[in-house]
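Asker: Mapped onto my numbering, the consecutive letters of the sequence shown carry residue numbers 20 to 247.
Ideal Cβ placement from N, Cα and C applies to all residues, glycine included.
All values derive from a computational prediction rather than experimental measurement.
Supplied in structure tokens, the structure appears directly below.
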Amino acid sequence: MEKAKVKNVVLVHGAWADGSGWQRVHELLQAKGYAVSIVQNPLTSLAADVAAVQRVLARQNGPALLVGHSYAGAVITEAGNAPNVAGLVYVAAFVPDAGESVSSLLEGGASPPVQPSADGYLFFDAAIFPQAFAQDLPPAHGAFLAAAQIPPAAAAFEAKVSQPAWKTHRSWYVLATEDRIIPPPAQRKMAGRAKASIKEVRASHAAYISQPDAVAQAIDEAARASAQ
Numbered sequence: 020m021e022k023a024k025v026k027n028v029v030l031v032h033g034a035w036a037d038g039s040g041w042q043r044v045h046e047l048l049q050a051k052g053y054a055v056s057i058v059q060n061p062l063t064s065l066a067a068d069v070a071a072v073q074r075v076l077a078r079q080n081g082p083a084l085l086v087g088h089s090y091a092g093a094v095i096t097e098a099g100n101a102p103n104v105a106g107l108v109y110v111a112a113f114v115p116d117a118g119e120s121v122s123s124l125l126e127g128g129a130s131p132p133v134q135p136s137a138d139g140y141l142f143f144d145a146a147i148f149p150q151a152f153a154q155d156l157p158p159a160h161g162a163f164l165a166a167a168q169i170p171p172a173a174a175a176f177e178a179k180v181s182q183p184a185w186k187t188h189r190s191w192y193v194l195a196t197e198d199r200i201i202p203p204p205a206q207r208k209m210a211g212r213a214k215a216s217i218k219e220v221r222a223s224h225a226a227y228i229s230q231p232d233a234v235a236q237a238i239d240e241a242a243r244a245s246a247q
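Laid out in structure tokens, this is it:
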């Protein structure tokens, strides 16, 4: 029996960002005929972010491709168990296994330069943000992203995934070769463990903003493959 064509795409942003960063990817996918939804994660806990994704998934008419950037890789790994999820696309993202958290995947590597608040939220050092997070964007754009950042709760990074959806769903990985947040070798290792199809993009961690055409193309290819 032929699978239903995947025409719904749900985009999920990561830490220190919001859904507006997906604007150009959204436009490109809409032009290809996709119904595109963007989740606004509260970034207060992994459970709250998973719930936000599940609310959007429940509104989809038919199967949906779930796309997550950075920390949202953990979010879609958990939320991707919804029955209407056709596949998972990780964009320069964490791909945790059961019992793993974003923090545990960062162990042994360089941690982002964060400044914790008294109530447990993590601000990314604005002076370093443009060159660490988005060095392939114009400096003014990077500075704006730093000023507009939404700090995640530290607890969201510590929360462990319980049921990895990539073990039961096809997955794809957009590997940012110039990433200074998640080292490319770490991306490749996580993608390989999930048996994800890898597409390399010459981009910073903010690949979905700096290389929207390549990211949208990867999502389109994944959606087409999900229906096969």
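Give the straight-line distance between the Cα atoms of Pro-171 and Gly-52, rounded to the nearest whole angstrom.
Answerer: What you label residue 171 is simply residue 152 of the sequence shown in a count that begins at 1. What you label residue 52 is simply residue 33 of the sequence shown in a count that begins at 1. Taking the straight line from one Cα to the other gives about 33 Å.
Asker: Can you find at least 3 beta carbon pairs, one from the stretch 77 to 96 and one from the stretch 21 to 35, that sit closer than 8 Å?
Answerer: Contact between the stretch 77 to 96 and the stretch 21 to 35 is present, because at least three Cβ pairs lie under 8 Å.
Asker: Name, in chain order, the residues that DSSP records as bridge partners for Ile-217.
Answerer: Counting from 1 along the sequence shown, the entry for residue 217 is found at position 198. DSSP output for Ile-217 lists Tyr-192 as bridge partner(s).
Asker: Can you name, in chain order, every residue of its own chain whose Cβ lies under 6 Å from the Cβ of Ile-228, other than the five neighbours on each side?
Answerer: Mapped onto the sequence shown, residue 228 falls at position 209. Correct list, in chain order: Gly-40.
Asker: If you measure between the beta carbons of Gln-134 and Phe-142, is that distance less than 8 Å?
Answerer: For the purposes of this step, residue 134 is identified with residue 115 of the sequence shown, where counting begins at 1. For the purposes of this step, residue 142 is identified with residue 123 of the sequence shown, where counting begins at 1. It is a contact, given that the beta carbons lie within the stated cut-off.
Asker: By Cβ distance, which residues of its chain are closer than 6 Å to Thr-63, with the 5 residues on each side in sequence left out?
Answerer: The residue given as residue 63 occupies position 44 in the sequence shown. Result list for Thr-63: Ala-172, in chain order.
Asker: Residues in its own chain within less than 7 Å of Ala-162 by CB, not counting five upstream and five downstream?
Answerer: As a working note, residue 162 is residue 143 in the sequence shown. If you ignore the 5 residues before and after Ala-162, its C-beta comes within less than 7 Å of the C-beta of Pro-149, all in its own chain and listed in chain order.
Asker: Between the C-alpha atoms of Ile-57 and Gly-38, what's the straight-line distance to the nearest angstrom?
Answerer: The residue given as residue 57 occupies position 38 in the sequence shown. The residue given as residue 38 occupies position 19 in the sequence shown. So the alpha carbons of these two residues sit roughly 6 Å apart.
Asker: Less than 8 Å between C-beta atoms, sequence neighbours within five positions excluded: which residues of the same chain meet that for Ala-54?
Answerer: Here residue 54 refers to the residue found at position 35 when the sequence shown is read from its first residue. Result list for Ala-54: Lys-26, Asn-27, Val-28, Gln-79 and Asn-80, in chain order.
Asker: For the alpha helix (DSSP H) that contains Ile-95, what are its first and last residues?
Answerer: Indexing the sequence shown from 1 puts residue 95 at position 76. First-last of the alpha helix (DSSP H) with Ile-95: 91 to 98.
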